[in-house]
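Trainee:
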Amino acid sequence: MSTNNTTSNWKDKLHEIIYEADTPAGKIFDIVLLIFIVASIALVMLESVHHIDDKYHQYLYYGEWLVTILFSIEYVARVITVRKPWKYIFSFYGIVDFLSTIPMYISFIFAGSHALVTLRALRLLRVFRILKLARYLGASNQLKDSIIASRVKIAVFLFAVIISSVIFGTIMYLVEGEENGFTNIPKSVYWCIVTLTTVGFGDIAPQTALGQFITSIIMILGYGIIAVPTGIVSAEYVKSSNKREKEIAEGKLPQELQLNTQSCSNCHASDHRDIANHCHNCGHKLHL
Numbered sequence: 031m032s033t034n035n036t037t038s039n040w041k042d043k044l045h046e047i048i049y050e051a052d053t054p055a056g057k058i059f060d061i062v063l064l065i066f067i068v069a070s071i072a073l074v075m076l077e078s079v080h081h082i083d084d085k086y087h088q089y090l091y092y093g094e095w096l097v098t099i100l101f102s103i104e105y106v107a108r109v110i111t112v113r114k115p116w117k118y119i120f121s122f123y124g125i126v127d128f129l130s131t132i133p134m135y136i137s138f139i140f141a142g143s144h145a146l147v148t149l150r151a152l153r154l155l156r157v158f159r160i161l162k163l164a165r166y167l168g169a170s171n172q173l174k175d176s177i178i179a180s181r182v183k184i185a186v187f188l189f190a191v192i193i194s195s196v197i198f199g200t201i202m203y204l205v206e207g208e209e210n211g212f213t214n215i216p217k218s219v220y221w222c223i224v225t226l227t228t229v230g231f232g233d234i235a236p237q238t239a240l241g242q243f244i245t246s247i248i249m250i251l252g253y254g255i256i257a258v259p260t261g262i263v264s265a266e267y268v269k270s271s272n273k274r275e276k277e278i279a280e281g282k283l284p285q286e287l288q289l290n291t292q293s294c295s296n297c298h299a300s301d302h303r304d305i306a307n308h309c310h311n312c313g314h315k316l317h318l
């Protein structure tokens, strides 16, 4: 019985450190992990620069293995400290953690020179570590909710952009013709999308006066296209913030009722209130 209690205690303590940033130990763990995530991303970037890789390949290689081993330990620790490991393993961050760790082991197992050429592309999955940063952005949940609330308006807007691109692309194909680079309608639509989004690669350019006039209209519309989705999401974000402030002012929502980083050790659910004693998903007692 005491052995089970001891095992449960160290798992609970480890869970508190790994999954909860409200405690001093949890904050230190998150800061150290952030440093290693940024370092790992820097290693991947430096490795892609040939003259740096040629000169410091061994140091980059050993550094990458060090980071991989530390992330592997972190991954195993996250799995063993939850009562339902598959909840974490198949969650978004669980998959990201796995994908960002496994490429080094794959390249180590398949050590043949020909296999490494193919598997080198898999090692680029290490860049998924940058997604590990998302879990430490405090306002990310509110931004996510705003984007989800705006999804219908954004979808309608994108559909309108696609229709406009097809129409203007077809018009430019008729006006400019093959002799000016608009060899077919798909290529003309590609040019229109590039111009409409104000990227302007310059690989195709209108030569006729009418084509240049239409291009001017498309580029002016491009500025509005940048502003519209930003305004849609911003409006939802402000609406969400104002609604919360109004509920607090009317006494419907206590001021201290904030979301914290508590993660349930039983079902891995998050977004618990500061005043919560039990998980909102499974009812399991939280470690406060």
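So for the sequence shown, the numbering used here puts the first residue at 31; every next one is plus one. Backbone N, C-alpha and C fix where the C-beta goes; we use that ideal spot for every residue, glycine too. Being a predicted model, the structure only gives us computed values, none of them experimental.
Within this structure, are the beta carbons of Phe198 and Glu206 separated by less than 7 Å?
Mentor: Against a cut-off of 7 Å, the Cβ pair of Glu206 and Phe198 comes out as no contact.
Trainee: Taking all protein chains shown into account, do 16 or more other C-beta atoms lie within 10 angstroms of the C-beta of Val335, making it buried, or fewer, making it exposed?
Mentor: Examination of residue 335 is not possible in this model, given that the chain is present from 31 through 318 alone.
Trainee: With Ile262 and Ser180 assumed to form a contact (beta carbons below 8 Å), what rounded beta-carbon distance in angstroms separates them?
Mentor: Indeed they touch by this definition, with Cβ atoms about 5 Å apart.
Trainee: Taking the alpha carbon of Ile103 as the reference point, which residue from Ile58, Lys57, Leu44 has its own alpha carbon closest?
Mentor: It is Leu44.
Trainee: Report yes or no: do three or more beta-carbon pairs, one from the region 94-102 and one from the region 66-79, lie closer than 8 Å?
Mentor: Yes: at least three Cβ pairs fall under 8 Å.
Trainee: Could you compute how far the alpha carbon of His144 sits from the alpha carbon of Tyr86?
Mentor: Because His144 carries a pLDDT of 41, less than 50, the predicted location of this residue cannot be relied on, and no value is offered for it.
Trainee: For the alpha helix (DSSP H) that contains Arg181, what are its first and last residues?
Mentor: It spans 181-206 - the alpha helix (DSSP H) in which Arg181 sits, taken as one unbroken run.
Trainee: Mind checking which residues open and close the alpha helix (DSSP H) that includes Arg108?
Mentor: From DSSP, the alpha helix (DSSP H) with Arg108 extends over 80-110.
Trainee: Counting along the chain, where does the alpha helix (DSSP H) carrying Leu226 start and finish?
Mentor: From DSSP, the alpha helix (DSSP H) with Leu226 extends over 215-226.
Trainee: If you drop the 5 nearest sequence neighbours on each side, which residues of the same chain put their C-beta closer than 8 Å to that of Ile244?
Mentor: Closer than 8 Å at Cβ, skipping near neighbours: Phe198, Ile201, Met202, Val205, Pro236.
Trainee: Taking all protein chains shown into account, do 16 or more other C-beta atoms lie within 10 angstroms of the C-beta of Trp221, making it buried, or fewer, making it exposed?
Mentor: The residue is buried, with at least 16 neighbouring Cβ atoms inside 10 Å.
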